[in-house]
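Residues 1299 to 1555 in this note's numbering are what the sequence shown lists, from first letter to last. Built from N, CA and C at the ideal position, the CB exists for glycine as well. Just so you know, these numbers come straight off a predicted model, no measurement behind them. Below you'll find the structure, written out as structure tokens, and then a few comments.
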Amino acid sequence: MPLEHIIVEQEPPVGIIRINRPKVLNALNFHLIREIVETLEAFDKDDGLKVTVLTGNDDAFSAGADIKELSEATPVELIKRNQFALWDRMKKISKPIIGAVSGYALGGGCELAMACDIIIASETAKFGQPEINIGIMPGAGGTQRLTRALGKYRAMEMILTGQHITAREAEKHGLVNRVVPVESYYQEAKKLARQIADKGPIATRLAKDAILKAFETGLDEGLQFERRNFYLLFSTEDMKEGMQAFIDKRSAQFKGR
Ligand code: CAA
């Protein structure tokens, strides 16, 4: 099916997804989320692509769920549509996703940014969960991921007041990796993507997997999981190549095997 709401580009080894509903500040409708998730799944299967950059435009990463679409919804329709199953599929993507965020990242837009593995923000980025202002609450992970990123007290204030925070505040409190000028956030995200793409893809995948486990398990179980992934890497050609390259004083040529 042709893509209606996103623009997809490939600059191997980097895949790029650009949210493209500028007239509504990249508001997220059901089809848009489906397009993002299906594209991420296709990138995940493509050996030529190692990292994805997910972005919007300079004014808006995304201003959240499409309120016009949501305003018509009944609980039964929401259950039938099962939109959050799409978000759960995004959690299963094995390659790293870098959010390149400028302008508004609100509601579902903030949740989409937080579903990325790394966030590069422009100086103009604004993060918030303003759902409370329209009589609802975050539904795509905001209460969980914002709380894990900022701690209970800041998350509570943001979600209960609906107020935005600036990119600099987000950086100070650990919600984003770094803040750069609006002219360079997208290039910076692609540069970082290429840097990660140079590493062994199996090690990258298993390391991402283990880091995400830290949010789901206690320390002991997480350490066991990490150890298993660590041992597994000693069965790869990439491990032999990486160590030999260090000994030979040359750069490693990883093959993902
Ligand atoms: N849904 C649908 N349309 C939206 C939208 C949204 N979330 N956000 C903005 N738009 C539309 C506006 O309706 C407007 O369209 P028209 O030109 O046709 O009137 C256009 O985008 C430009 O928006 P504004 O004129 O409002 O621009 P602004 O610069 O004055 O304000 C803003 C920008 C502060 C982001 C404001 O648009 C806003 O508050 N938007 C809503 C943000 C929000 O509440 N997001 C949460 C949605 S619920 C959610 O996300 C649930 C969940 O967790 C899954």
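beta-carbon ASP1364 near the ligand CAA non-hydrogen atom, thresh 8 Å: yes
ASN1527 CB to nearest heavy atom of the ligand CAA below 8 Å: no
Residues near GLU1421 by beta carbon distance below 7 Å, same chain, minus five either side: ALA1465, VAL1477, PRO1479, VAL1480
Any non-hydrogen atom of the ligand CAA within 8 Å of ALA1325 CB: yes
Validate contact between the segment 1448-1455 and the segment 1370-1385 using beta carbons, cut 8 Å, 3 pairs: no
Straight-line gap, LEU1504 to ASN1527 (C-alpha atoms, nearest Å): 6 Å
THR1502 and LYS1393 closer than 9 Å at C-beta: A distance below 9 Å separates the beta carbons of THR1502 and LYS1393.
Per DSSP, cross-strand counterpart(s) of PHE1425: Looking at the DSSP output, PHE1425 shares a beta bridge with ALA1403, ILE1463.
Stretch pair the segment 1415-1429 + the segment 1517-1531: three plus CB contacts closer than 8 Å: no
DSSP beta-bridge partners of LEU1352: ILE1315, GLY1397
Those residues which DSSP pairs with SER1392 across a bridge: For SER1392, which the question treats as bridged, DSSP gives no partner whatsoever.
C-beta contact flag for ASN1318 and ILE1304 at 9 Å: yes
Close beta carbons around GLY1401, own chain, < 8 Å, minus the five adjacent residues each side: LEU1323, GLY1354, ASN1355, ASP1356, ASP1357, ALA1358, PHE1359, SER1420, THR1422, ALA1423, LYS1424
ILE1457 beta carbon near the ligand CAA (any heavy atom closer than 8 Å): ILE1457 has its CB no nearer than 8 Å to any heavy atom of the ligand CAA.
SER1549 (DSSP reduced to helix, strand or coil): coil
GLY1407 Cβ short of 8 Å to the ligand CAA heavy atom set: The answer is yes for GLY1407.
Top-ranked residue by Cα proximity to ILE1396, from GLU1519, LYS1538, ALA1495, ALA1543: Nearest C-alpha to ILE1396: ALA1495.
Cβ-based neighbour list, LEU1458, same chain, cut-off 8 Å, excluding 5 preceding and 5 following: ILE1430
Buried versus exposed, by CB contacts within 10 Å (16 or more), GLU1409: GLU1409 comes out buried.
Residue from ALA1325, THR1534, LEU1404 whose Cα sits closest to the Cα of LYS1553: Checked all of ALA1325, THR1534, LEU1404; the closest Cα to LYS1553 is THR1534.
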